[in-house]
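K.L.:
Chains as they are written, first to last, in this note's numbering: chain R, 1 to 311; chain E, 1 to 480; chain P, 1 to 285.
By construction, the Cβ of each residue, glycine as well, lies at the ideal position given by its N, Cα and C atoms.
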Amino acid sequence: MTTTHTQSLPPGPRRHRFRVSRRMLPYLLSLPALLTCIGILIPFLTAVAYSLQRYRLSQPWARQWNWGQNYLNFLSDPAFWNTLKVSVTYALVTVVVELLLGLGIALLLQRRSRLNNFVSIMLLMPLMTAPALAALMWKLMTNPGFGILSYLAGLIGLGDFRWASDPQTAMLTVVIVDVWVYTPFIMILLLAGLRSLPQQPFEAAALDGVPRLFVFWRITLPMLTPFLLTATLFRVIESIQQFDIIYAMTQGGPGDRLTVFQVEAYLNFFQSTNVGRSAALLMILWAITYALSNVFIKNWLRLRERSRGNA
Amino acid sequence: MYEKEKGLVDAFMRGQMSRRGLIRGLGALGVSTATAGVLVNLAATRALAADFDWKKHAGTTVKLLLNKHPYTDAMIANLENFKELTGMDVQYDVFPEDVYFDKVTAALSSGSTEYDAFMTGAYMTWTYGPAGWAEDLNQWIHDPEKTNPLYAWEDMLPGVRKSCAWNGVPGGALGSDDAKQWCIPWGYEQNNLTYNKRVFDANGLSVPTDLDGLVETAARAKAAMGSGYGVGVRGSRSWATIHPGFLSGYASFDQKDLTVGADGKLAAAMNTDVSKEFHRKWVQMIQDSGAPDWSTHTWYQVGTDLGAGKSAMIFDADILGYFMNGPGNAEAGNLAFAPFKANPAAAAPTPNIWIWSLAMSSFSTRKDAAWHFLQWASGPEHGLFGATAMDFVNPVRASVWADGAFRDKLSKSYSGYVEMHDVSAPGASIKFTPQPLFFDLTTEWAATLQKMVAREVPVDEGLDRLAESVNGQLKEAGLG
Amino acid sequence: MHATPTIERILRGTAIALVCLFFMFPIAWIMLMSIQTNETILRVPPSVVFAPTFENYQALITGKLETAAGTLEINFMRNLWNSLLLSTSSVALGLVLGVPAAYAFARLKFRGSEDIAFTLLSFRFAPPLLVLLPLTIYFQQLGLANTYGGLIWVYQLIVLPLILWIVRGYFEDIPADIEYAYRIAGHGFWATFRRIALPLAGPGIAAAGLLAFIFAWNNFVFALVLASADKQPVTVGALAFVTASGIQYGQVAAGIVLSIAPTFALALYAQRYLVEGLSLGAVKG
Chain R
1 MTTTHTQSLP PGPRRHRFRV SRRMLPYLLS LPALLTCIGI LIPFLTAVAY SLQRYRLSQP
61 WARQWNWGQN YLNFLSDPAF WNTLKVSVTY ALVTVVVELL LGLGIALLLQ RRSRLNNFVS
121 IMLLMPLMTA PALAALMWKL MTNPGFGILS YLAGLIGLGD FRWASDPQTA MLTVVIVDVW
181 VYTPFIMILL LAGLRSLPQQ PFEAAALDGV PRLFVFWRIT LPMLTPFLLT ATLFRVIESI
241 QQFDIIYAMT QGGPGDRLTV FQVEAYLNFF QSTNVGRSAA LLMILWAITY ALSNVFIKNW
301 LRLRERSRGN A
Chain E
1 MYEKEKGLVD AFMRGQMSRR GLIRGLGALG VSTATAGVLV NLAATRALAA DFDWKKHAGT
61 TVKLLLNKHP YTDAMIANLE NFKELTGMDV QYDVFPEDVY FDKVTAALSS GSTEYDAFMT
121 GAYMTWTYGP AGWAEDLNQW IHDPEKTNPL YAWEDMLPGV RKSCAWNGVP GGALGSDDAK
181 QWCIPWGYEQ NNLTYNKRVF DANGLSVPTD LDGLVETAAR AKAAMGSGYG VGVRGSRSWA
241 TIHPGFLSGY ASFDQKDLTV GADGKLAAAM NTDVSKEFHR KWVQMIQDSG APDWSTHTWY
301 QVGTDLGAGK SAMIFDADIL GYFMNGPGNA EAGNLAFAPF KANPAAAAPT PNIWIWSLAM
361 SSFSTRKDAA WHFLQWASGP EHGLFGATAM DFVNPVRASV WADGAFRDKL SKSYSGYVEM
421 HDVSAPGASI KFTPQPLFFD LTTEWAATLQ KMVAREVPVD EGLDRLAESV NGQLKEAGLG
Chain P
1 MHATPTIERI LRGTAIALVC LFFMFPIAWI MLMSIQTNET ILRVPPSVVF APTFENYQAL
61 ITGKLETAAG TLEINFMRNL WNSLLLSTSS VALGLVLGVP AAYAFARLKF RGSEDIAFTL
121 LSFRFAPPLL VLLPLTIYFQ QLGLANTYGG LIWVYQLIVL PLILWIVRGY FEDIPADIEY
181 AYRIAGHGFW ATFRRIALPL AGPGIAAAGL LAFIFAWNNF VFALVLASAD KQPVTVGALA
241 FVTASGIQYG QVAAGIVLSI APTFALALYA QRYLVEGLSL GAVKG
């Protein structure tokens with residue numbers, strides 16, 4: 001790789017004196033960053049070890065290696081399958097809604113005008129809000145006593161709409177909060193993508209009088225696909241790990257409706273002090289996100305190559 | 001600065017003046033109740049110093065981990081006296097309750113030497129004790145070298161004191177002879193009725209005396225109120241939903257969470273016929289006249305709604321009603337208190353209790369000094385100061401409950417509070433079976449209740465499934 | 001797209017208005033709440049007619065919370081200061097560590113560089129609790145528990161991968177010829193890095209730093225698990241308004257407004273960088 005890459009830095013004028021240190025240089029430059037992160041690898045390995053133990057803080061005498069038992073237990077544990085189902089549902093629903101909404105808004109704001117630019121900047125604000133605080137805001141707004149949204153729901157005949165406290169609508173409510181916070185991310189990415197597309201195909205199509213729906217399906221969407229894929233993967237990885245919003249709104253309830261991975265693991269650790277199960281849950285979550293992030297990073301690199309090719 | 005005041009206080013200490021006369025005299029000098037209390041305590045503290053070497057750890061600093069709570073405020077308000085008495089310094093970290101216990105777990109599980117003592121509930125010590133995070137305080141309480149002779153440990157209400165002691169055997173009786181004192185009671189809560197007298201009077205409602213009456217009165221109150229709801233109880237997916245009114249009513253019917261077999265094995269006991277009947281009524285009560293967002297209600301929503309006049313009554317902690325009757329709430333002064341026994345056949349109320357307690361960290365490097373703080377903070381003098389001058393209710397000491405000034409203060413503004421306490425205190429204790437899976441069990445129980453209220457599972461089936469799941473977990477943990 | 005039909009313009013306008021309503025309404029409502037007393041907030045039906053008051057902000061800024069039970073000390077300003085300190089220091093450290101590494105990955109392709117870079121980015125995607133829970137024990141042993149230093153280190157978990165990847169992209173976009181020419185002229189490696197590469201990648205560094213700052217500011221769970229009360233950021237501090245004597249909703253709202261104001265101001269001030277940062281540098285906005 002060292003020899004083939006075209007952009008490697010050419011040898012400097014004093015290369016003889018620096019031969020040894022030239023080889024060491026990249027390692028030297030990246031070492032501090034690496035060390036910082038390797039410090040983080042050690043607790044990761046500890047967590048792997050925990051996940052292979054029967055380990056409850058409240059029963060220290062019973063702590064022992066049980067190897068895969070925690071994972072095997074999951075197979076027959078309805079709570080685990082529920083966690084998996086809820087997490088995947090949450091990730092899919094939020095990402096699909098955010099994707100559609102984000103794409104729609106990006107198309108609306110595609111043309112560069114002062115108004116559009118202003119709107120797109122204002123729409124960034126939810127993204128600037130800490131998710132934990134966003135959840136608190138929505139909790140205030142959906143309070144049945146004085147919440148404005150509960151009041152408005154009552155006005156349109158949904159007086160019985162109970163937002164996060166009704167199992168039927170709890171998922172919907174947290175999804176709305178997630179959509180509120182993160183749609184702007186997708187919107188911004190797609191907007192940047194739309195505006196970076198080459199203009200010739202569109203101009204040609206306009207000259208030929210091709211219907212705009214056809215242009216959208218056959219030109220815009222295919223050219224935008226890498227951006228869509230990047231945005232999707234990034235959000236799926238984050239969404240399946242959601243913690244702040246759900247924990248702040250319902251702590252995983254009502255019932256077991258929202259016990260996503262990190263909420264369940266957090267409660268397992270801090271309330272039940274069942275460290276082994278908590279760690280095993282997080283390892284499974286890690287495996288899922290690691291696989292997804294692999295795909296994401298490859299796709300992202302391709303996108304970058306393309307973006308640079310156009311520049 | 002306080003010469004005149006100190007003169008009065010010293011007269012009181014010499015026995016020349018009654019406590020009430022003193023407080024009145026200080027009031028005439030323009031001293032607020034809290035300041036007066038601090039001054040009295042200062043004098044009392046000096047008296048304490050006569051019999052015990054309080055200065056033994058002078059110069060030592062202890063650090064506390066505290067929950068944001070009126071008890072904490074009362075302690076901090078009086079802290080200067082402790083510092084003067086002992087020559088020690090006290091530092092503290094205060095966390096909001098939403099994250100407090102997670103914080104304690106994080107600190108203790110990592111073996112942090114940062115904190116010497118911390119606030120806790122008795123349930124939590126069922127984890128902290130066996131985990132080796134908290135000290136058995138009997139070592140100090142019964143050591144005359146280390147404990148002030150005036151500490152009067154036996155003055156603590158027996159039900160409360162014993163509820164903080166456990167021998168560490170899963171299913172072992174609380175307060176048994178071999179029990180370890182994992183924490184010292186500080187302030188406690190009984191679960192009874194707090195009702196809105198204004199709403200009750202206006203609609204001709206009478207205070208319910210059993211579960212059926214509660215269900216019916218709640219429904220009638222809701223119908224009469226229009227925009228409010230009948231009864232406030234907790235409903236979030238947490239142990240906190242099980243332990244207040246719910247378990248108090250449940251225990252009234254002699255129902256248990258778990259049974260302990262002859263071989264010491266534990267088994268789920270919440271799917272008996274009586275339990276199912278109780279659950280059915282409870283669930284129906286919430287469906288018919290509970291809060292619309294019951295399933296997210298923690299203690300503060302239950303309290304806030306009562307204080308704002310949105311609920312007609314609560315079956316929850318008495319001190320929650322106490323705080324909602326104070327200034328700053330729409331219904332301040334309208335609330336009244338009544339003891340409650342869910343089972344008409346029961347002789348007296350048997351409320352489950354929550355006890356804010358003080359525990360000592362096993363990782364503390366200054367345990368004897370920390371004990372100096374603990375015995376002062378849980379001692380009779382601070383208890384009396386907090387109860388009369390601040391909102392340090394309910395006191396855990398019989399001597400404080402016997403204090404006339406305290407009873408007068410309560411009776412003046414909190415209608416029925418003293419009577420309620422006196423009636424239900426003898427039966428008040430923790431009704432859970434102590435065991436390490438307490439939080440798994442109660443969280444799942446709360447989730448099951450949520451499903452029942454949402455009509456996602458019938459009561460009978462839900463309880464059978466809960467019992468089955470609990471039994472499975474007990475087995476897995478080697479307890480069942 | 002020349003003469004857009006009127007009907008389409010109206011539809012577009014309506015759609016944009018709806019979008020703005022959904023995304024801006026909560027913020028506007030919280031701002032309104034923050035200048036009301038508890039009394040007017042709890043009024044049914046809600047109304048936008050009220051006498052505005054700044055006592056909520058005053059309470060937060062002076063640290064004196066008036067409640068039924070008397071005056072409570074709150075330290076919200078301390079939370080704000082902690083957020084500022086933690087986010088700024090984390091980003092500063094992240095830049096010092098990350099920019100040279102990014103340069104190495106971009107310019108000096110070396111054995112294993114792609115694998116190492118990938119590993120570093122994948123940290124961004126690891127479940128945070130997986131690392132945090134065991135970390136509480138190690139922090140205790142290392143004496144890092146309850147220190148700003150320890151927190152700033154853990155914050156690298158969020159900050160460093162972002163900086164590394166965004167800045168790397170920028171370095172790769174700078175034609176190596178410029179640096180080559182500079183070095184031919186007899187300048188050393190470090191001089192080239194400092195005088196040529198760094199300034200050219202300036203916008204990328206700004207974008208990465210800005211985005212990292214916002215992620216750090218919005219973090220909730222790291223400090224919650226690892227730090228003592230006096231080192232908590234605003235995201236945790238905003239929970240402190242729930243007390244035994246009731247919830248002061250106006251102060252909760254004011255606390256939220258004060259907590260999100262800094263990131264809002266940054267976003268408005270440096271929107272261009274932010275947009276580039278958000279695409280992880282893959283798209284030049």
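Spell out whether any CB of chain P is found under 9 Å from the CB atom of Ser227(E).
P.N.:
Taking the second sequence and counting its residues from 1, one reaches residue 227(E) at position 227. Closer than 9 Å to some Cβ of chain P, the Cβ of Ser227(E) qualifies, so yes.
K.L.:
The segment 49-66 of chain E: which residues have C-beta closer than 7 Å to a C-beta of chain P, in chain order?
P.N.:
none
K.L.:
With a 10 Å radius around its C-beta and 16 neighbouring C-beta atoms as the bar for buried, classify Pro60(R) as buried or exposed.
P.N.:
On the first sequence, position 60 is the one that residue 60(R) refers to. It counts as exposed.
K.L.:
Would you grab the beta carbon distance between Val234(P) and Ser83(P) for me? Rounded to a whole angstrom, and I think it's under 8 Å.
P.N.:
Translated into positions along the third sequence, residue 234(P) becomes position 234. Translated into positions along the third sequence, residue 83(P) becomes position 83. Right, the Cβ-Cβ distance comes to about 5 Å (below 8 Å), so this counts as a contact.
K.L.:
Using a C-beta to C-beta distance shorter than 8 Å, which residues of chain P count as neighbours of Phe110(E)?
P.N.:
What you label residue 110(E) is simply residue 110 of the second sequence in a count that begins at 1. Here the sequence assigns Ser to residue 110(E), which means Phe is not the residue at that position. Close partners of Ser110(E) in chain P (Cβ separation under 8 Å): Thr136, Ile137, Phe139, Gln140, Ala145.
K.L.:
Could you tell me which chain E residues have their CB closer than 8 Å to the CB of Phe270(R), listed as they occur along the chain?
P.N.:
Indexing the first sequence from 1 puts residue 270(R) at position 270. In chain order: Phe101, Asp102, Thr105, Ala106.
K.L.:
With DSSP collapsed to three states, give me the class of Ala68(P).
P.N.:
Your numbering for residue 68(P) matches position 68 in the third sequence. Confidence at Ala68(P) is low in this model, with a pLDDT of 48, below 50, so its placement is unreliable and no value can be given for it.
K.L.:
Taking only beta-carbon atoms, is Gly328(E) less than 9 Å away from chain P?
P.N.:
Counting from one through the second sequence, the residue named residue 328(E) turns up at place 328. Closer than 9 Å to some Cβ of chain P, the Cβ of Gly328(E) qualifies, so yes.
K.L.:
Output yes or no for whether 9 Å exceeds the beta carbon distance between Ser163(E) and Ile430(E).
P.N.:
One-based indexing of the second sequence puts residue 163(E) at position 163. One-based indexing of the second sequence puts residue 430(E) at position 430. Closer than 9 Å, so yes.
K.L.:
How is Trp67(R) classed by DSSP in three states: helix, strand or coil?
P.N.:
As a first step, residue 67(R) must be located in the first sequence, where it is residue number 67. If DSSP states are grouped into helix, strand and coil, Trp67(R) belongs with coil.
K.L.:
Indicate whether at least one CB of chain E lies closer than 9 Å to the CB of Asp230(P).
P.N.:
Indexing the third sequence from 1 puts residue 230(P) at position 230. True, the Cβ-Cβ gap to chain E drops below 9 Å.
K.L.:
Listed from N- to C-terminal order along the chain, which residues in the segment 169-201 of chain E have their beta-carbon within a distance smaller than 9 Å of any beta-carbon of chain P?
P.N.:
Within the segment 169-201 of chain E, no residue has a Cβ lying closer than 9 Å to any Cβ of chain P.
K.L.:
By Cβ distance below 7 Å, which residues in the same chain neighbour Phe171(P) in space, the five residues on each side in sequence not counted?
P.N.:
Counted from its first residue, the third sequence places residue 171(P) at position 171. Excluding sequence neighbours, Phe171(P) sits near Ala102, Tyr103, Ala106, Arg107, Ala197, Ala201.
K.L.:
From what residue to what residue does the alpha helix (DSSP H) around Asn471(E) run?
P.N.:
Within the second sequence, numbered from 1, the residue matching residue 471(E) stands at position 471. Residues 459-476.
K.L.:
Under 8 Å: do the segment 170-178 of chain E and the segment 147-157 of chain E share three or more Cβ pairs, one atom per stretch?
P.N.:
no
K.L.:
Nearest chain R C-beta to Val154(P) closer than 9 Å, yes or no?
P.N.:
Sequence index remark: in the third sequence, residue 154(P) carries index 154 (1-based). True, the Cβ-Cβ gap to chain R drops below 9 Å.
K.L.:
Could you work out which residues of chain R lie near Asn218(P), taking near to mean beta carbons separated by less than 7 Å?
P.N.:
Locating residue 218(P) in the third sequence gives position 218, counting from the first residue. What Asn218(P) touches in chain R: Ala130, Pro131.
K.L.:
Measuring only the C-alpha atoms, how far is Asp77(R) from Val86(R)?
P.N.:
Position 77 of the first sequence, counted from the first residue, corresponds to residue 77(R). Position 86 of the first sequence, counted from the first residue, corresponds to residue 86(R). C-alpha separation (whole angstroms): 14 Å.
K.L.:
Sort Val94(E), Ser424(E), Ser236(E), Ser413(E) by Cα distance to Ala120(E) and report the nearest one.
P.N.:
Your numbering for residue 120(E) matches position 120 in the second sequence. The residue you asked about is not Ala; residue 120(E) is Thr in the sequence shown. Minimum Cα distance to Thr120(E) is reached at Val94(E).
K.L.:
So, does the CB of Asp178(R) fall closer than 9 Å to a CB anywhere in chain E?
P.N.:
Taking the first residue of the first sequence as 1, we reach residue 178(R) at position 178. No, no contact with chain E.
K.L.:
Where does the unbroken beta strand (DSSP E) through Leu358(E) begin, and where does it stop?
P.N.:
Along the second sequence, read from residue 1 onward, the residue named residue 358(E) stands at position 358. Here the beta strand (DSSP E) through Leu358(E) covers 353-360.
K.L.:
Over what stretch of residues does the beta strand (DSSP E) that includes Gln91(E) continue unbroken?
P.N.:
Along the second sequence, one-based indexing puts residue 91(E) at 91. Element bounds for Gln91(E): 89-95.
K.L.:
Name, please, each residue of chain E whose Cβ falls closer than 9 Å to the Cβ of Leu224(P).
P.N.:
Locating residue 224(P) in the third sequence gives position 224, where the first residue counts as 1. In chain order: Val99, Asp102, Lys103, Ala106.
K.L.:
Closer than 6 Å by C-beta to Leu135(P): which residues in its own chain qualify, once you throw out the five before and the five after it? Chain order, please.
P.N.:
For this step, residue 135(P) is matched to residue 135 along the third sequence. There are no such residues.
K.L.:
Which one or two residues does DSSP pair with Phe118(E) in a beta bridge?
P.N.:
Indexing the second sequence from 1 puts residue 118(E) at position 118. Answer is Leu65(E), Ala359(E), bridged to Phe118(E).
K.L.:
Is Val221(P) helix, strand or coil when you go by DSSP?
P.N.:
As a position in the third sequence, residue 221(P) is number 221, starting the count at 1. The answer is helix: DSSP assigns Val221(P) an H, G or I state.
K.L.:
Taking the straight line between their C-alpha atoms, what separation do you get for Thr209(E) and Ala347(E)?
P.N.:
Here residue 209(E) is taken as the residue at index 209 of the second sequence, counted from 1. Here residue 347(E) is taken as the residue at index 347 of the second sequence, counted from 1. Distance between Thr209(E) and Ala347(E), taken at the CA atoms: about 12 Å.
K.L.:
Pull up the distance between the alpha-carbon of Tyr57(P) and that of Met249(R), whole angstroms please.
P.N.:
On the third sequence, position 57 is the one that residue 57(P) refers to. On the first sequence, position 249 is the one that residue 249(R) refers to. So the alpha carbons of these two residues sit roughly 25 Å apart.
K.L.:
Which residues mark the beginning and the end of the beta strand (DSSP E) in which Gln284(E) is found?
P.N.:
Taking the first residue of the second sequence as 1, we reach residue 284(E) at position 284. From DSSP, Gln284(E) is part of no beta strand (DSSP E) but of the alpha helix (DSSP H) over 273-289.
K.L.:
Check for me: the beta strand (DSSP E) holding Asp481(E) runs from which residue to which?
P.N.:
With chain E running from 1 to 480 in the structure shown, residue 481(E) is simply not present.
K.L.:
How long is the line joining the alpha carbons of Ala505(E) and Ile41(P), rounded to whole angstroms?
P.N.:
There is no way to answer for residue 505(E), as the model of chain E reaches only from 1 to 480.
K.L.:
Along the chain, which unbroken stretches of the beta strand (DSSP E) at least 3 residues long are found entirely within the segment 181-262 of chain P?
P.N.:
none
K.L.:
By Cβ distance below 6 Å, which residues in the same chain neighbour Phe82(E) in space, the five residues on each side in sequence not counted?
P.N.:
Counting from one through the second sequence, the residue named residue 82(E) turns up at place 82. Here the set comprises Trp376.
K.L.:
Could one say the Cβ of Met1(E) lies closer than 9 Å to chain R's Cβ atoms, at least one of them?
P.N.:
Position 1 of the second sequence, counted from the first residue, corresponds to residue 1(E). Bear in mind that the predicted position of Met1(E) carries a pLDDT of just 46, short of 50, making it unreliable; the figure below should be weighed with that in mind. False, the Cβ-Cβ gap to chain R never drops below 9 Å.
K.L.:
Look at the alpha carbon of Leu292(R) and the alpha carbon of Leu210(P), and state the distance between them as a whole number of angstroms.
P.N.:
As a working note, residue 292(R) is residue 292 in the first sequence. As a working note, residue 210(P) is residue 210 in the third sequence. Answer to the nearest angstrom: the Cα atoms are 26 Å apart.
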